[in-house]
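Plus 16 on top of the position in the sequence shown (first one is 1) and you've got this note's numbering. Below you'll find the structure, written out as structure tokens, and then a few comments.
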Amino acid sequence: MPMKPKLVEAFHAQIQAEFQSAYTYLGMAAWFMENNLPGFAQWMRFQWEEETLHAMKLYDFLHNRGEQVALRAVAAPSKKYTTAVNVFENVRKHEQMITKSINDLYELALKEKDLPSQIVLQWFINEQVEEEAQVMEIIERLKLVGSDGPSIYLMDRQMAERPAPTAGA
Ligand code: FEO
17 MPMKPKLVEA FHAQIQAEFQ SAYTYLGMAA WFMENNLPGF AQWMRFQWEE ETLHAMKLYD
77 FLHNRGEQVA LRAVAAPSKK YTTAVNVFEN VRKHEQMITK SINDLYELAL KEKDLPSQIV
137 LQWFINEQVE EEAQVMEIIE RLKLVGSDGP SIYLMDRQMA ERPAPTAGA
């Protein structure tokens, strides 16, 4: 069954938002590399991959529904960060915005009575709960260890242990 044009448009916007997230995190990965925190940089690089997988999940969904995929431009990310905790505060703000856009998209899918869209978006709703919790935990840990000194290097090594994302993640 074809999707309502308004819903397709909203999916296009969400694909853009996921690619924008990926690009933002890739910029953060570069910032961490330049600030001698390679473990955090690796973590962000995996986050870039994960966001790309999110975008592709929506991309494939539209295609499987017989709809066209229209890719939109993504903007250059900011690199004006001050400390590791400042980077993650920005991640938190960004993820809160993504949560809102996923929730709005789900509400639209409900309004349009589009059941397959609702099901694919339920996965994203759960994912956002996990992402926000994960980012909060990192912020709390960063506040404990501080921005310099030996503890941040220990945490940097722990951040490097994050496994590579998979399509189901
Ligand atoms: Fe795809 Fe981090 O939201």
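Each residue gets a CB set at the ideal place from its N, CA and C atoms; glycine is no exception. Note that the coordinates shown come from a computational prediction; the quantities given were computed from them, not determined experimentally.
Can you find the residues in the same chain that come closer than 6 Å, C-beta to C-beta, to VAL107, ignoring five residues on each side of it along the sequence?
VAL151
Would you check whether the ligand FEO has a heavy atom nearer than 6 Å to the C-beta of GLU111?
yes
Let me check you understand the geometry: is the CB of HIS70 closer than 6 Å to at least one non-hydrogen atom of the ligand FEO?
yes
LYS20: which of MET171, LEU126 and ILE135 sits nearest, CA to CA?
LEU126
The ligand FEO heavy atom lying under 6 Å from the CB of GLU34:
yes
Measure the C-alpha to C-alpha separation of SER163 and MET113 and round it to an integer number of angstroms.
26 Å
Do you know whose CA, among MET44, ASP172 and GLN30, lies nearest ASN102's CA?
MET44
By Cβ distance, which residues of its chain are closer than 8 Å to TRP139, with the 5 residues on each side in sequence left out?
Cβ within range, chain order: LYS73.
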